[in-house]
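Note that my numbering has the sequence shown beginning at 3, numbered continuously upward.
We put the CB at the ideal spot given by N, CA and C, even for glycine.
Just so you know, these numbers come straight off a predicted model, no measurement behind them.
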Amino acid sequence: MIEILKHKGKRIIIKIYMFYAMLFEKKYHGEKCELRYLFFKKRKTKRLLVIFSSYPGKGQKARYNYVIKFSRLRTSRLYILDNFGPGEKGAYYLGENLDFYIEQDVYQLIESVRADLGVEKKHVVTCGSSKGGYAAIYFEGKYDYGASIAGAPQILLGDYLGIKEHQGIFRFIAGNYDEANREYLNNLLPQAVLAKKSANHISIHVSDQEGMYADHVKPFLSFTEQHDIALFLQLGTYTKHSLVGLYFPSFAIQAFQNFFEE
């Protein structure tokens, strides 16, 4: 009974905190889209943690993740919502019909915040789990940010969105659902990683008992080894992808702190 009451009490506290946090939600009017975001400035630090939202559960819309969990980190935090596409579940921070206008406006938002804070690119860390993990690795590589921290990320985007239940998002991002577009989406993240001008700094947490490891992270490990790219990997033992949110925050906090101690 005591444990049940503690759990209920914790959920109430989270709801109250998120209700308060949402009062600070802002809108960024980009060139082609409007982005919703939360920004928490931390004084006396020149660091920026950018958190991308994960793929929401069945029947849910995109929402912010890890707002409370990361609140004690000594860094300014920028949470960017990806509420585009079918059911407002997200478009992987990319765009529509191969016009990646969402990506461009997200980049402009990050750069605007970074400039206001006076933070160097090498002190920007991108972070997220699942869909957010994909975005974290993608933006670190393509835009030469300092590091990325990802939880159970989808790497081969074309393969993942090719699954029947995700094909609506595939068509939103790429237009036609065909083999050419599947390969195109699969290559986006690896190409972004190779494009990074400075050294890659990728940290991944995933369970070797769930599908993201065998289908996405394991092939990515082979890719990074082939191209001599450093990658830190932590393996969990849980069996459901949905459980990553329980294990990722502590890993991300430690990875963030380790990056700035090197």
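CA-CA distance, residue i and residue j?
i: S209; j: T239; result: 5 Å
i: H31; j: G97; result: 15 Å
i: L196; j: E122; result: 21 Å
i: Q211; j: T241; result: 5 Å
i: P221; j: Y186; result: 17 Å
i: H203; j: Y145; result: 13 Å
i: E33; j: Y103; result: 8 Å
i: G92; j: H243; result: 18 Å
i: H207; j: S150; result: 11 Å
i: Q110; j: E36; result: 12 Å
i: A216; j: L248; result: 20 Å
i: K43; j: A182; result: 43 Å
i: L119; j: Q236; result: 32 Å
i: E263; j: P251; result: 18 Å
i: V246; j: A194; result: 24 Å
i: V219; j: D107; result: 28 Å
i: Q228; j: P192; result: 12 Å
i: Q77; j: G135; result: Looking at the sequence shown, residue 77 is not Gln but Thr. Straight-line Cα distance between these residues: approximately 19 Å.
What residues match up with residue i in a beta bridge as DSSP calls it?
i: Q236; result: H207
i: H31; result: E36
i: F54; result: I82
i: I151; result: C129, S205
i: D101; result: E98
Could you check what DSSP says for residue i in three-state terms: helix, strand or coil?
i: V127; result: strand
i: K174; result: Per the sequence shown, residue 174 should be read as Phe rather than Lys. Note: F174 maps to helix in three-state DSSP.
i: R38; result: strand
i: I79; result: For the record, residue 79 in the displayed sequence is Arg; it is not Ile. It is a strand residue.
i: L7; result: Its pLDDT being 48, under 50, L7 is placed unreliably by the model, and nothing is read from it.
i: I157; result: coil
i: R184; result: helix
i: V115; result: helix
i: I70; result: coil
i: Q256; result: helix
i: I165; result: coil
i: L248; result: helix
i: T226; result: helix
i: Y179; result: coil
i: V108; result: helix
i: L196; result: helix
Applying the 10 Å Cβ sphere with the 16-neighbour rule, what's the burial state of residue i?
i: S200; result: exposed
i: D230; result: exposed
i: L25; result: exposed
i: A137; result: buried
i: S224; result: exposed
i: I53; result: buried
i: K133; result: buried
i: R49; result: buried
i: S73; result: exposed
i: L40; result: buried
i: E142; result: buried
i: L51; result: buried
i: G177; result: exposed
i: L163; result: buried
i: I165; result: exposed
i: R116; result: buried
Output yes if chain D places a C-beta closer than 9 Å to the C-beta of residue i; else output no.
i: D217; result: In summary, chain D is missing from the structure at hand, where a single protein chain is found.
Inter-stretch contact (C-beta, 8 Å, three-pair minimum) for the segment 151-170 and the segment 76-86: no
The segment 123-139 touching the segment 242-259, judged by at least three CB pairs closer than 8 Å: yes
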